[in-house]
Amino acid sequence: MNRSSNSSFTQAKVLFVPVMASEPDPRDDDESARHAELGLRKIIHVDMDAFFASVEQRDNPELKGRPVAVGGAGGRGVVAAASYEARKFGVRSAMPSVTALRLCPELVFVRPRFDAYKDVSRQIRRVFEHYTPVIEPLSLDEAYLDVTDDRLGIGSATRIATLIRQEIRAKTRLTASAGVSYNKFLAKLASDQNKPDGLCVIRPGEGAQFVAGLPIRRFHGVGPRAGAKMQALGIATGADLAAKDIARLRQHFGSMADYLFRAARGIDLRPVAAHRVRKSVGGERTFSEDIGSGAALRETLANIIDIVWDRIEAAQARGRTVTLKLKFTDFQIMTRATSLPDYVSGKAEFAALAGALLEAELPLRGPIRLMGLTLGNLEGAGDEKPPRDAAQLSLL
Ligand SMILES: [Mg+2]
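Following my numbering, the numbering of the sequence shown begins with 2 at its first residue and continues without gaps.
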């Protein structure tokens with residue numbers, strides 16, 4: 002059963018905040034005319050539920066109903082994905098496996114099988130293609146779909162989302178949640194609203210109010226670091242964010258500021274980019290004191306992963322190559338890179354690849370003064386130069 006929700010926001014009409022180039026005429030009550038005037042789209046965000054863990058539970062019935070973590074159980078292992086049973090204990094992706102085991106001693110660890118996940122990813126992609134050519138994957142199990150054109154004449158985006166979820170379940174024996182709205186930012190929030198196996202619709206006029214009550218950490222692109230910064234600034238909800246002016250946001254959040262300013266008002270002008278020009282994203286950090294111990298290096302890397310992943314999400318970049326850069330105290334620079342055949346599927350995989358690059362170099366020949374991390378190689382194969390953007394995105 003779909004659980005369609007509109008209880009979390011009122012049905013009352015809310016005027017759009019006038020940030021768009023042409024403001025809506027408040028006298029115009031015709032929803033579809035306003036929709037066209039504002040260039041609003043019909044966007045669906047589809048997101049598989051606890052994806053890696055659900056595939057494992059599907060393929061190994063002994064795991065059904067049990068707390069499952071996909072990832073390495075060893076001392077340095079990280080949880081790549083957790084089943085809902087495991088999440089009840091507080092187990093989360095990107096959590097060190099030792100922490101996860103402490104929270105949930107019965108936790109069953111399963112090695113990731115990326116080939117199996119990629120097979121499912123291709124299956125759901127084919128389902129999407131049936132309904133629209135305008136598909137923008139975010140990772141193996143998530144995509145934005147622009148269904149404004151409704152080429153099958155189904156009649157509503159909500160109905161299309163329902164059909165897609167049914168078809169995914171029939172073809173993969175897995176559940177997906179979907180969010181339906183008039184821009185990407187809201188559609189993604191909506192898909193998260195009634196997880197797992199849920200559907201949520203945010204209609205034109207409802208976005209600003211929906212966003213106002215949300216905790217800021219639910220905003221796509223606001224990771225641990227930006228979240229901590231917001232907490233320090235007293236920004237806990239969308240309403241708090243909307244109260245800040247653009248100059249102040251730019252001062253604290255740089256290139257993310259405009260996105261955040263609009264998002265706080267339920268506005269997002271980014272198109273679903275089926276063939277976007279892909280970007281490389283990265284960042285680096287120079288230390289006030291040189292660091293050399295394995296523990297300090299790992300901690301620093303974890304920190305940089307958080308920062309860079311926030312940027313990757315905000316830029317909506319995807320890539321296949323993770324590059325680690327270390328600058329030693331004698332200013333020698335070492336870079337190490339690893340590439341996947343497909344896009345890095347999410348933060349957990351990004352962190353695992355970056356961690357493996359560092360581990361392979363330990364112990365270092367000496368202390369370092371800088372560490373950097375980039376996600377790149379976004380187009381062709383094997384001819385990657387260091388991405389230009391990395392240098393421009395200094396972190397501090
Ligand atoms: Mg998912």
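Built from N, CA and C at the ideal position, the CB exists for glycine as well. Note that the coordinates shown come from a computational prediction; the quantities given were computed from them, not determined experimentally.
Check, Outcome
"Best match in Pro205, Thr176 and Lys230 for proximity to isoleucine 217 [C-alpha to C-alpha]", "Lys230"
"Residues that glycine 72 bridges to, as DSSP identifies them", "Val80"
"Residue range of the unbroken beta strand (DSSP E) whose run includes phenylalanine 1", "Summary: the structure shown does not reach residue 1, with the chain confined to residues 2 through 397, and so no result is reported for it."
"Among Trp310, Ala316, Leu175 and Gly293, nearest to leucine 261 - alpha-carbon criterion", "Ala316"
"Boundaries (first-last residue) of the beta strand (DSSP E) holding isoleucine 161", "Segment 158-173 is the alpha helix (DSSP H) holding isoleucine 161; no beta strand (DSSP E) there."
"Proximity to threonine 336 [Cα-Cα], best of Leu374, Val109, Ala296 and Gln210", "Leu374"
"Separation of alanine 171 from arginine 424, as counted between CA atoms", "Past the edges of the chain, shown from 2 to 397, lies residue 424, and the structure says nothing about it."
"Nearest candidate by alpha-carbon position, reference valine 273, set Lys196, Lys89, Asp311 and Val135", "Val135"
"With 16 other Cβ atoms within 10 Å as the buried cut-off, status of alanine 22", "The predicted model places alanine 22 with a pLDDT of 32, which falls under 50 and marks its position as unreliable; any figure quoted below should be read in that light. Counting Cβ neighbours within 10 Å, alanine 22 comes out exposed, since fewer than 16 surround it."
"Serine 137: first and last residue of the uninterrupted beta strand (DSSP E) it sits in", "Here the sequence assigns glutamate to residue 137, which means serine is not the residue at that position. Segment 136-140, the beta strand (DSSP E) holding glutamate 137."
"Isoleucine 268 beta carbon less than 8 Å from that of asparagine 184", "yes"
"Residues passing the C-beta test against ligand 1 heavy atoms, cut-off 5 Å", "Asp48, Met49, Phe52 and Asp142"
"Own chain, CB closer than 6 Å to leucine 363, minus 5 neighbours either side, in chain order", "Gly295"
"Where lysine 14 falls, given that 16 or more other Cβ within 10 Å makes a residue buried", "Unreliable positioning characterises lysine 14 in this predicted model, as indicated by a pLDDT of 32, which lies under 50. The coordinate reading is nonetheless provided below. Exposed, by the Cβ-count rule."
"Pairwise C-alpha distance: proline 205 and glutamate 32", "For glutamate 32, the predicted model reports a pLDDT of 48, less than 50, meaning its position is unreliable; a value from the coordinates is still stated below. One C-alpha to the other measures close to 8 Å."
"Own chain, CB closer than 8 Å to proline 368, minus 5 neighbours either side, in chain order", "Asp291, Ile292, Gly293, Phe329 and Thr330"
"Span of the alpha helix (DSSP H), counted from its first residue to its last, around leucine 200", "First-last for leucine 200: 200-202, but that is the beta strand (DSSP E), not the alpha helix (DSSP H)."
"Distance, cysteine 105 Cα to threonine 339 Cα", "32 Å"
"Serine 346, enclosing beta strand (DSSP E) - first and last residue", "Unbroken run through serine 346: none, as it is neither H nor E."
"Cutoff 7 Å; reference glycine 76; Cβ partners in own chain excluding five residues on either side", "Val99"
"Three-state secondary structure (DSSP) of lysine 189", "helix"
"Limits of the unbroken beta strand (DSSP E) element including serine 178", "177-182"
"Close Cβ partners of alanine 51 (< 8 Å) along its chain, the five nearest in sequence each way excluded", "Ala82, Ala83, Ser84, Tyr85, Arg88 and Pro197"
"At least three beta-carbon pairs within less than 8 Å, the stretch 346-358 to the stretch 298-317", "yes"
"Cβ-based burial, glycine 235 [other Cβ within 10 Å; buried from 16]", "exposed"
"Coarse secondary structure for aspartate 147, derived from DSSP in three states", "strand"
"Option in Leu200, Val128 and Gln232 with minimal Cα separation from glutamate 168", "Val128"
"DSSP state of aspartate 307 mapped onto helix, strand, coil", "helix"
"Check whether alanine 213 and alanine 243 have beta carbons under 8 Å apart", "yes"
"Coil, strand or helix - lysine 328 by DSSP", "strand"
"Euclidean distance between Cα positions of asparagine 225 and methionine 372", "In the sequence under discussion, the amino acid at residue 225 is proline, which differs from the asparagine named in the question. Whole-angstrom Cα-Cα distance: 19 Å."
"Three-state secondary structure (DSSP) of phenylalanine 110", "strand"
"Under the three-state DSSP convention, the category proline 219 falls into", "The sequence shown places arginine at residue 219, not proline. Here arginine 219 sits in helix by DSSP."
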